[in-house]
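Right, one structure below, let's go through it.
Number of protein chains: 2
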Amino acid sequence: MTHAHPFDQALALEATAAHEFRGQSHAGYWNMVGPFGGITAATLLQALLQHPQRLGDPLSLTVNFAGAVSEGPFTVQAVPVRTNRSTQHWTLTLLQVGPDGAPVVATTGTAVTAVRRETWSMADTPMPDVPSPGTLPAVEPAGAMAWLQRYEMRPVSGVIPQVWDGGGDHSLSQLWMRDAPERALDFPALTALADVFFPRVWLRRARHVPAGTVSLTVYYHADAAHLAATGTGFVLGQARAQEFRNGFFDQTAQLWNEAGTLLATSHQIVYYKE
Amino acid sequence: MTHAHPFDQALALEATAAHEFRGQSHAGYWNMVGPFGGITAATLLQALLQHPQRLGDPLSLTVNFAGAVSEGPFTVQAVPVRTNRSTQHWTLTLLQVGPDGAPVVATTGTAVTAVRRETWSMADTPMPDVPSPGTLPAVEPAGAMAWLQRYEMRPVSGVIPQVWDGGGDHSLSQLWMRDAPERALDFPALTALADVFFPRVWLRRARHVPAGTVSLTVYYHADAAHLAATGTGFVLGQARAQEFRNGFFDQTAQLWNEAGTLLATSHQIVYYKE
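Residue numbers (the numbering used here), protein chains in the order written: chain C, 5 to 278; chain U, 5 to 278.
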């Protein structure tokens, strides 16, 4: 008898109608007031990956966190609204039933999938020169949030401030990370990894303020062969903010595998208080 | 008698039904096989700005170019799918009538608007030290594409290669830009400016290959006061790619006003051939 990995449990979706899939929130990926945003983004992507009309692999995904996902069942609508020769455009919605029985939109999104073929290629953002993951200690998950225990994180730089003294002076973090327990990387897992970084505002200010992602975009540079080459190995994530302004900051992020291949780039805009 | 600015002509939308607006493609912003992507993105934003139920100002916008917009009329659907206390989530669609009379989705998108209030803020990406726009010559629009004549561009670095000899070695461009004729900056105009950069693959390879934006995201850091302070002045745009891989590259961009305020950050994923 085998037990599914928590990530696969969380992403289990059942097709219930045309373009509709039924899932269930997973306690193992719980954050403060709802699931870890990365698991929600991965779930939206999983819906289109399971869709019988899908063309190609993920190229881009944008997920907007309209409201917290509640504990319990949800419906994902994944609709291929336009299919071209080599690209396909998707709209994505995560719905739950509200207290009054009416559907509530918790998450919206769009995605593009594409059939890619080999062309001239060029890595224009070399992986930073950092110690290999084996030489760095894994951090013990701090706090009670379940989802932190679903990742092995080996920070390189820009760790969560140990002292909240308002003394921050930059917003750059680098860390090696992978699923815990180990799991071979696929597009949904890569999507979730893009959202692992703690809020940049905590680092920049060395102040612990409420914060939450409003919109997340992932651009996929990896294909199936790059994912297979990554396997259960570590991914180096690098994230920094560009601007903190009146309640929202942006984050740009890059994710490389241990071989130095840039698997994905990602961006998000994040709410913060005060 | 006054004549509307071409940008305002292009963005003229008439409300025709709940969440629906009617517009018309504008010859003055024509690109190769359809309108300049920036004007399409600005049009989607304009629809939600005109929506009677709008809450707050633009915070983020993602536009997916599913297919070329044809010459003629179009319908924009802008639907506020969820309104929270201080944020509102939108789905956006641009439709045209196909040859067989059925609606065709040309563009999809999502947006978030937000009521922002003053908080601790920090510019974490200083404007690069570049010559002021008055000291730099404006480039004559090259080629027959009408939309290029709608912008005054004063390049700082990373101009379009003068010789297509395959000798490129970086993907970074910086240029001062503004509407031509001058027009006070607003959110739609800022949105269009985020898409002005020529394809990074041309610069990186010094090779002229077919290329086109697939998905564009803009994060707005400016509020109405920042836009008013910018007025008809120049905006410094900076763009670079992070990865070119198997038919698609990504672009990250920043837009500052002359005072050095970061007005917006932007990202796109772009198709290229060969």
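In this text, a Cβ means the ideal position worked out from N, Cα and C, and glycines have one as well.
What you are looking at is a predicted structure, and each value in this text was computed from that prediction instead of being measured.
Task: Pair within 8 angstroms by beta-carbon distance, U:A110 and U:V83 - done: For the 8 angstroms CB-CB criterion, U:A110 and U:V83 do not form a contact.
Open item on the list: Since U:F25 and U:Y33 should fall inside the 8 angstroms C-beta cutoff, what is the C-beta to C-beta distance between them, to a whole number of angstroms?
Closed with: About 17 angstroms separates the beta carbon of U:F25 from that of U:Y33, a gap too long to meet the 8 angstroms contact definition.
TODO: Could you tell me whether the Cβ of C:S74 comes closer than 8 angstroms to any Cβ of chain U?
DONE: For C:S74, the answer is no, since every Cβ of chain U falls outside 8 angstroms of its Cβ.
Task: Of the listed residues U:R209, U:Q272, U:F191, nearest to U:G170 (C-alpha basis) - done: Residue nearest to U:G170 within the set U:R209, U:Q272, U:F191 is U:R209 (criterion: CA-CA distance).
Open item on the list: List, in chain order, every chain C residue whose beta-carbon is nearer than 7 angstroms to that of U:G251.
Closed with: R120, R121, T123
Open item on the list: Assuming C:V205 is part of the beta strand (DSSP E), what are its boundary residues?
Closed with: No beta strand (DSSP E) contains C:V205, which is instead part of the alpha helix (DSSP H) from 204-209.
Task: Through-space distance from U:N261 to U:P135, alpha-carbon basis - done: 13 angstroms
Task: Per-residue burial, U:N88 [other beta carbons within 10 Å of its own, 16 or more giving buried] - done: exposed
TODO: Let me know if C:Q50 comes out buried or exposed under the rule of 16 or more other beta-carbons within 10 Å of its beta-carbon.
DONE: buried
TODO: State the beta-bridge partners of U:L224 as determined by DSSP.
DONE: In the sequence on display, residue 224 of chain U carries Tyr and not Leu. Looking at the DSSP assignment, U:Y224 forms a beta bridge with U:A268.
Task: Secondary structure of U:I43, DSSP reduced to three states - done: helix
- [ ] Please decide whether C:Y33 counts as near chain U, where near means a Cβ-Cβ distance under 8 angstroms.
- [x] By this cut-off, C:Y33 is not an interface position.
- [ ] Thinking C:V205 and C:Y155 are a contact (beta carbons under 8 angstroms), I'd like their distance in whole angstroms, please.
- [x] Their Cβ separation, rounded to whole angstroms, is 21 angstroms, which puts C:V205 and C:Y155 out of contact at 8 angstroms.
Open item on the list: By the DSSP assignment, the beta strand (DSSP E) with U:F191 in it spans what residues?
Closed with: Run containing U:F191: none in the beta strand (DSSP E); it sits in the alpha helix (DSSP H), 191-197.
Open item on the list: For U:S161, count the other beta carbons within 10 Å of its own beta carbon; 16 or more makes it buried, fewer makes it exposed. Which is it?
Closed with: exposed
Open item on the list: Quick check: is the beta carbon of U:N261 nearer than 8 angstroms to any beta carbon in chain C?
Closed with: No, U:N261 lies away from the interface with chain C (no Cβ there is under 8 angstroms from its Cβ).
Open item on the list: What would DSSP say about U:P185, mapped onto helix, strand or coil?
Closed with: Reduced to three states, the DSSP call for U:P185 is coil.
- [ ] For U:Q246, I'd like the list of residues in its chain whose CB is within less than 6 angstroms of its CB, leaving aside the five on either flank, ordered along the chain.
- [x] D254
Open item on the list: Residues of the segment 169-203 of chain C in Cβ contact with chain U at a cutoff of 7 angstroms, in chain order, please.
Closed with: S175
Task: Euclidean distance between Cα positions of U:L65 and U:T221 - done: 5 angstroms
TODO: Tell me where the beta strand (DSSP E) around C:Q258 begins and ends.
DONE: 252-261
Open item on the list: Taking the straight line between their C-alpha atoms, what separation do you get for U:S175 and C:M126?
Closed with: Between the C-alpha atoms of U:S175 and C:M126 there is a straight-line separation of about 11 angstroms.
Task: Contacts around C:W168, its chain only, beta-carbon distance under 7 angstroms, and the 5 residues preceding and following it disregarded - done: A210, R211, H212
Open item on the list: Determine, for C:L266, whether the minimum Cβ-Cβ distance to residues of chain U falls below 8 angstroms.
Closed with: yes
Task: Within-8 angstroms CB hit, C:V109 to chain U - done: yes
TODO: Return the residues of the segment 48-72 of chain U that lie within a Cβ-Cβ distance of less than 8 angstroms from chain C, sorted by chain order.
DONE: Taking 8 angstroms as the upper bound on Cβ-Cβ separation, chain C lies near residues L63, S64, T66, N68, A70, G71 of the segment 48-72 of chain U.
Open item on the list: Assuming C:Q242 is part of the beta strand (DSSP E), what are its boundary residues?
Closed with: 239-249
TODO: Give a yes or no on whether the C-beta atoms belonging to C:A198 and C:V274 are separated by under 8 angstroms.
DONE: no
- [ ] Taking only beta-carbon positions, decide if U:S219 is within less than 8 angstroms of chain C.
- [x] yes
Task: Supposed contact pair C:D61 and C:R120 - C-beta distance, whole angstroms, cut 8 angstroms - done: 7 angstroms
TODO: Using only alpha-carbon positions, find the residue among U:T117, U:G76, U:G147 that is nearest to U:P103.
DONE: U:G76
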